[in-house]
Amino acid sequence: MIATLEIATRGQGLYEITDRVQAVVHDQPAENGLATVFVQHTSASLIIQENADPSARRDLEQWLNRLVPEKDSLYSHTTEGPDDMPAHIKAILTSTSIGIPIIEGMLALGTWQGLYLWEHRRAPHRRRVVVHLGFN
Amino acid sequence: MIATLEIATRGQGLYEITDRVQAVVHDQPAENGLATVFVQHTSASLIIQENADPSARRDLEQWLNRLVPEKDSLYSHTTEGPDDMPAHIKAILTSTSIGIPIIEGMLALGTWQGLYLWEHRRAPHRRRVVVHLGFN
Amino acid sequence: MIATLEIATRGQGLYEITDRVQAVVHDQPAENGLATVFVQHTSASLIIQENADPSARRDLEQWLNRLVPEKDSLYSHTTEGPDDMPAHIKAILTSTSIGIPIIEGMLALGTWQGLYLWEHRRAPHRRRVVVHLGFN
Chain Y
11 MIATLEIATR
21 GQGLYEITDR
31 VQAVVHDQPA
41 ENGLATVFVQ
51 HTSASLIIQE
61 NADPSARRDL
71 EQWLNRLVPE
81 KDSLYSHTTE
91 GPDDMPAHIK
101 AILTSTSIGI
111 PIIEGMLALG
121 TWQGLYLWEH
131 RRAPHRRRVV
141 VHLGFN
Chain F
11 MIATLEIATR
21 GQGLYEITDR
31 VQAVVHDQPA
41 ENGLATVFVQ
51 HTSASLIIQE
61 NADPSARRDL
71 EQWLNRLVPE
81 KDSLYSHTTE
91 GPDDMPAHIK
101 AILTSTSIGI
111 PIIEGMLALG
121 TWQGLYLWEH
131 RRAPHRRRVV
141 VHLGFN
Chain U
11 MIATLEIATR
21 GQGLYEITDR
31 VQAVVHDQPA
41 ENGLATVFVQ
51 HTSASLIIQE
61 NADPSARRDL
71 EQWLNRLVPE
81 KDSLYSHTTE
91 GPDDMPAHIK
101 AILTSTSIGI
111 PIIEGMLALG
121 TWQGLYLWEH
131 RRAPHRRRVV
141 VHLGFN
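Protein chains in written order, with my numbering: chain Y, 11 to 146; chain F, 11 to 146; chain U, 11 to 146.
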């Protein structure tokens with residue numbers, strides 16, 4: 011079973027999508043399985059991270075911005091703006107797809123885990139996330 | 011089919027779990043399928059790496075420790091200790107879940123591949139790893 | 011259903027394998043499912059990246075080469091050549107396996123997404139990529 015979610019972003023940052031994906035799982039009758047979450051873009055990505063203290067996510071964003079800054083003289087791919095090439099690099103350092111087991115109808119996340127779409131572009135975007143559910 | 015493994019760690023480092031996951035696969039009658047391994051934490055992660063020469067794993071650990079040091083003035087998320095924020099960053103640079111095909115009842119790893127839990131915290135922890143097996 | 015592809019590389023670089031994997035999917039009668047692509051090596055990896063402008067891929071390669079250079083005094087694992095330890099590090103920063111949903115018999119990639127094998131060694135290699143298809 012496959013569902014496509016559209017996530018509206020308001021520029022760079024982490025957007026929690028745990029509840030959106032859990033809602034897709036919840037609509038299915040089966041109990042145990044696997045959810046595979048896939049983002050259809052190369053300048054946004056997925057991570058699972060701490061959902062408790064927002065300071066952890068702020069530090070993550072700032073650390074990655076420092077590792078992959080804009081205005082790096084190495085970049086030749088600059089026609090789509092100064093934030094485009096850093097976005098591609100950040101995407102390959104994180105994840106395009108994540109598989110999450112489903113136990114008794116719930117994503118089997120740990121206590122402090124949340125699933126996030128990471129928008130790497132400065133401008134707002136509409137991002138498509140495909141969720142595949144396999145039950146067997 | 012889903013199994014949960016508990017892995018006891020003794021502080022930072024790579025802990026091979028290939029045999030633990032293979033044992034779960036071995037208990038199933040089906041032959042071909044997919045194992046998805048998922049760690050339920052945000053300060054430990056998974057990688058597949060060379061299982062032959064231990065020096066490769068030592069270099070990996072030292073390289074990542076240098077890229078993501080403790081005592082970085084960027085960090086504001088410090089209440090859980092100086093090794094906590096680096097642990098979160100190391101986790102997102104590696105993997106929370108890995109899918110491994112199963113061929114004839116065996117994880118289809120390459121000759122030199124081993125599956126490792128990477129503990130990023132200094133203190134010993136008990137880490138939960140969920141294994142989903144799909145056969146079809 | 012499982013297929014194994016052999017990819018001949020001519021040294022470091024990104025090799026698009028989208029069509030090779032799509033051909034495996036195309037041979038199956040089922041319509042919706044999940045393709046999991048797995049590379050059986052620790053010095054090559056997988057990424058999904060922009061398949062339009064080649065300059066994005068060139069910048070990616072140069073950026074990662076700068077982050078993980080050869081001749082780093084940190085490395086002790088050097089017996090297999092100066093490009094071996096950087097290859098292992100680059101592999102863990104990218105992906106060993108990627109799950110891609112299948113919709114109506116097609117890999118559900120975004121408009122600008124391509125699937126690439128990233129060869130991290132300087133010498134040509136024959137790389138094995140295992141594709142698991144699950145339909146349900």
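For each residue, glycine too, the CB sits at the ideal point set by N, CA and C. A quick note: this is a predicted structure, and the numbers were derived from the prediction, not measured.
Asked                                                                                                       : Found
Residue interval of the beta strand (DSSP E) (run including Y:E8)                                           : Outside the modelled stretch of chain Y, which goes from 11 to 146, sits residue 8 of chain Y, for which no answer is possible.
Candidates F:R136, F:V141 and F:W73: closest to F:G21 by CA position                                        : F:R136
Alpha-carbon to alpha-carbon, U:L125 and U:E14                                                              : Note on identity: in this sequence residue 14 of chain U is Thr, with Glu being the wrong assignment. Taking the straight line from one Cα to the other gives about 16 Å.
First through last residue of the beta strand (DSSP E) which encompasses F:P111                             : S107 to I113
Cutoff 7 Å; reference F:R30; Cβ partners in own chain excluding five residues on either side                : L15
Any C-beta of chain F under 7 Å from that of U:N42                                                          : no
Within chain Y, partners of U:T69 - CB distance below 7 Å                                                   : The residue you asked about is not Thr; residue 69 of chain U is Asp in the sequence shown. Within 7 Å Cβ-Cβ: L84, Y85, S86, H87 and M95.
Cβ-Cβ separation, U:F145 to F:N146 (assumed contact under 8 Å), whole Å                                     : 7 Å
Inter-residue Cα distance where the pair is Y:S53 and Y:I99                                                 : 8 Å
Boundaries (first-last residue) of the alpha helix (DSSP H) holding Y:Q38                                   : From DSSP, Y:Q38 is part of no alpha helix (DSSP H); its letter is neither H nor E.
Whether U:S55 touches U:S105 by CB criterion (7 Å)                                                          : yes
Contact under 7 Å by Cβ, U:Y85 with F:D69                                                                   : yes
Y:H98: contacting residues in chain C (beta-carbon distance under 7 Å)                                      : Within the model displayed, chain C is absent; protein chains Y, F and U are what it includes.
Y:H36, buried or exposed, once every other Cβ within 10 Å from all chains shown has been counted against 16 : exposed
For Y:L77, the three-state DSSP class (helix, strand or coil)                                               : helix
Distance between U:P111 and U:L44 (C-alpha atoms, nearest Å)                                                : 4 Å
Helix, strand or coil at U:E90 [DSSP, three-state]                                                          : coil
Candidates F:T28, F:V34 and F:P134, of which the one nearest F:D93 by Cα                                    : F:P134
Residue-level contact to chain Y via CB, F:V140, 7 Å cutoff                                                 : yes
Minimum Cβ-Cβ distance from Y:Q123 to chain F less than 7 Å                                                 : yes
U:E114 burial status per 10 Å Cβ neighbour count (16 or more: buried)                                       : exposed
For Y:M116, three-class secondary structure by DSSP                                                         : strand
Nearest neighbour of U:R132, chosen from U:I102, U:M11 and U:T19 [CA to CA]                                 : U:T19
Euclidean distance between Cα positions of F:P39 and U:M11                                                  : 16 Å
Within chain U, the residues that F:I110 reaches when beta carbons sit closer than 7 Å                      : F48 and S107
C-alpha gap between Y:A97 and U:Y25, whole angstroms                                                        : 21 Å
F:K81 beta carbon near the ligand MG (any heavy atom closer than 6 Å)                                       : With respect to the ligand MG, the structure shown offers nothing to examine, as it has no ligands at all.
Residue range of the unbroken beta strand (DSSP E) whose run includes Y:Q22                                 : Counting along the chain, Y:Q22 falls outside any beta strand (DSSP E), and DSSP gives it neither H nor E.
DSSP three-state assignment for U:R67, whether helix, strand or coil                                        : helix
Host beta strand (DSSP E) of U:Q50 (start-end)                                                              : Looking at the DSSP string, U:Q50 is not in any beta strand (DSSP E), and its letter there is neither H nor E.
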